[in-house]
Amino acid sequence: MLLAMFTYLAASWDSGPLSTARHFVFDTYHTLAPRARISAPVTIVAVDETSLAAIGQWPWPRDKIAALLQAINAHSPAAIGVDILFVEPDRLSISRMTPETSVPPAVRDWLNQQPSNDSVLAKALQPMPLALGIAGMETPSPAGVLTPVMQQGETIAPHLRPYAGLLRSLPEIDAAAMGHGLLSADPDPDGIVRRTPLLARHGNVLIPSLELEMLRIATGANWIDVAGGADGAQSVTAGELSIPLQSNGMIWLHYGPHDPARFVSASSVLDGSADPEMLKNKLVLVGVTGLGLIDQPATPLVSRMAGVEIRAQILEAIFDNDLLFRPVWSPLAEAGLSLLLCGFLSLTIPVIRPSWTPVMWLAGSAVLAMIGFGGFAAKGWLLDISMPAMAGGAVFLLLLAATLAEADHQRRLYKRDLEAQREKEAKFAGELEAARRIQMGILPDASKIRDPQGRIDVAAFLDPAREVGGDLYDLFLIDEGRRLFFMIGDVAGKGIPASLFMALGKSLYKSAVLRGGDNIADVMTEANFEIARDNPEQMFITTFAGILDIESGVISASNAGHESPLIKAPGVRTRSWIGAGGPPMCVLDEFDFAGETLQLTPGSIIVLTTDGVSEAMDPDGRLYGHERLIALMDGLPEGMNADAIVKAICEDVKAHARGTLPSDDIAVVVLRWRGM
Amino acid sequence: MKIETEILGAGLILKPVGRIDQTTAPAFQERLLAALDSGQDAAVALDLSEVDFLSSIGLRALMIAHKQCQTSGAKLVLFALTPVVREVFAISRFDTVLRCFEDRGAALSSLTA
């Protein structure tokens, strides 16, 4: 794609859409490094406002112009170039005056014998080292006599600016001049003259410019040599002076600022007041500068400059060897610079942070500008860096867009991942929450267990440490309300697996009881067998289970590796009831658990806890311990109901922890048997 | 956690040091099961003299080890229980499941018997 772009741009170099950008680049070079006027080989004899005021309005009689040229020639200039065309006969010639009133025949004869002003001019300039201007036209006309241009190498004519016809001075004057040079210059579409032909063509006849003819005359040469190659013109030689040409016979102008020191007023030459040094051995241009008389083309430096001063600048630049030049290799160099810049940007932009990409682009463009301006200032090269700059800019924007798009893509991916993560966490939290609700939901509501005669009073509390835990308890009436089954347990483990195992254990326990377990030892043995069968995670449960005969106050209980419950009878110190039993559920797949019975005295309280109570830690790591629980129980007033006792225990544990989060589940079950 | 190992004929003496709790139990369990898995006649004597805390997770590791022994025929004995561990064993009644001895000599002689 880039290659196609370069080909197109190279083909449309002069008229392409990018010429504006290129002109801007070249004009910028000019503004930064205008040409310095060094040797000043040119003087302009200007028909200026002062001259018009002194001599009279333009056009002057040609004998006056002859006088002017003779005055100049008297100072031995190197060459004279006349930037004036004498196309029509001079109306002011004495011989053309044909008075209407009758005059003496002698006078008429005298008038007729007088030479015309045109003849006077022709005669005057005949011996002078002088070149007359001619103008190129698009209207066909014969070329006329021109200085021979000797071609070496390939014929260059097809590459030059063609003119269909030439506008020349009257044949009498034209023939008298030593040289003839083209005055025409084509401004660019924006009205600025940047290039001028040193050679143009009329058919196959080559036409030198006025400047080239002046140089030829100054060097004493009789012809002009031109060297050409396959691409067109290469250089033109007049005498010892050789000037490099663009292939189309043009040169690029390197302008300096307007300088009044170039000018001598025509009137001062005529009245002899002009400085002879301004004319002696100089290239003298004669032209009209008086305001309103001539067109003043724009240059890269100023918006108006007299045409004759532009010619003076051409001659100065040639003399000071300060011509601008587009080397034949410049398109290659420009394409190379484009590729280099694009390559540099392509390699750097994707790997650096997006905020640094403008820096890369600016750096690349700065190097480009230094190369372009450096070539101009040091060598007079006109390298068009607008194309590499634009190609680099396009690549920069593309890459920046791609980089930003990629960054945006990554950000979206990240955002999506984050959302997915949050969703997952929320879902997990939701599942935990659901598991907790299920776990809490399967625990019985102790307040609903009532004996119609009020012989029992039960309360329970469970607080999981990490949303869901492995502690459990169960309470339900059997035998039509005559007996109460109670149990508390602790699964070794935490989290969802422990809570699932707890739920499983609780239901298997209950089914073992409801299948008619009168004997607590048999219930334990059967429950152990059932629970151990479904234990892929190899967990175990410590339990304490018992059956209270509500009428008699006899408890039969069994302890499967659980903490001993506390029993407080009225008027007696609180004590542990170790009781018979066995290892925790599932430690042994089959085990015959033992049971033990105990006769309660009315008003006795049984407190069942899990190790979340005894091992609750304070900020210093000290455990709550059995002794503190026993002391608490001993300190409680007689007749306190079960609910208040549970609350008192929980408050005391909380007071001990002093804000330390519990590391284990806490479960408390309190039974009170009031008796008959 | 640090577990000192002593090779003794066909068997091993493992001596865990410190707490066996939620954080250290997995490593303890892995080491213990690997020792019991070393061969048909694997025998492990667990020196608990440096264990000052044993949580239910630690008990679970011992339970799993015990069950593995029941299937594989390997032997596991414990000795020199600290008072804390002794109490845990008493409450959980693991002392009825696992073979516990007062000292090293008694434990080793039970293994060779």
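Residue numbers (this note's numbering), protein chains in the order written: chain A, 8 to 683; chain B, 15 to 127.
Think of the CB as a built atom: it goes at the ideal place given N, C-alpha and C, for glycine as much as any other residue.
DSSP places A183(A) inside the alpha helix (DSSP H), whose first and last residues are P178 to A183. With distances taken between CA atoms, F536(A) lies nearest to F598(A) out of R522(A), R490(A) and F598(A).
Runs of the alpha helix (DSSP H) lying entirely within the region 515–601 of chain A, each at least 4 residues long, are 527–540 in chain order. The beta carbon of R113(B) sits closer than 6 Å to those of V91, all from its chain and outside the five residues before and after it, given in chain order.
Within 10 angstroms of the beta-carbon of P136(A) lie 16 or more other beta-carbons, which makes it buried. In the DSSP secondary-structure assignment, M157(A) is bridged to D232(A). Among the CB atoms of chain A, one or more fall inside 8 Å of the CB of R107(B). When DSSP states are grouped into helix, strand and coil, M494(A) belongs to the strand group.
Sequence-distant Cβ neighbours of I72(A) in its own chain, meaning closer than 7 Å and more than five residues away, are L128. The beta carbon of E544(A) is closer than 8 Å to those of G500, P504 and F508 in its chain, skipping five residues each way along the sequence. Annotation for H633(A): the continuous alpha helix (DSSP H) segment containing it runs H633 to G642. Counting every other CB atom within 10 Å of its CB across the protein chains shown gives Q120(A) a total below 16, marking it as exposed. I449(A): member of the alpha helix (DSSP H) spanning S393 to I449, first to last residue. What V111(B) touches in chain A, judged by beta-carbon distance under 7 Å, is P590, V594 and L595, going in chain order.
Between the region 619–630 of chain A and the region 602–611 of chain A there are fewer than three inter-stretch CB-CB distances shorter than 8 Å, so the stretches are not counted as touching. About 5 Å separates the Cβ atoms of G297(A) and D55(A), confirming a contact at the 8 Å cut-off. Distance from the CA atom of Q158(A) to the CA atom of Q133(A), rounded to whole angstroms, is 28 Å.
Identification of chain B residues near A499(A) by a Cβ-Cβ cut-off of 7 Å yields S70, I71, L73 and R74, ordered along the chain. For I34(B), no chain A residue has a Cβ inside 9 Å of its Cβ, as the nearest lies near 13 Å away. For W259(A), the enclosing beta strand (DSSP E) starts and ends at M257 to W259. For M15(B), the closest Cβ of chain A is not nearer than 8 Å. Below the 7 Å Cβ cutoff, chain A contributes Q545 as neighbours of I78(B), in chain order.
Beta-bridge annotation (DSSP): D464(A) is paired with R679(A).
Secondary structure note for F93(A): it is in no alpha helix (DSSP H), with a DSSP letter that is neither H nor E.
Rounded to whole angstroms, the separation of the alpha carbons of V614(A) and V579(A) is 15 Å. Within chain B, the residues whose beta carbon sits less than 8 Å from that of G568(A) are I105, S106, R107 and F108, listed in sequence order.
For M221(A), there is no enclosing beta strand (DSSP E); the residue is part of the alpha helix (DSSP H) that begins and ends at L217 to T226. Taking each of T203(A), H82(A), P577(A) and A138(A) in turn and checking the Cα distance to A192(A), the smallest one comes out for T203(A). Excluding sequence positions up to five before and after L68(B), its CB lies within less than 6 Å of the CB of I34, V99 and V102, all in the same chain and listed in chain order.
In its chain, beyond the 5 residues on either side, A466 and D650 have a beta carbon closer than 8 Å to the beta carbon of S454(A).
Interface annotation for the region 545–561 of chain A against chain B: Q545, M546, F547 and T549, criterion Cβ-Cβ distance under 8 Å.
Burial state of W368(A) is buried, judged by a 10 Å Cβ sphere holding 16 or more other Cβ atoms.
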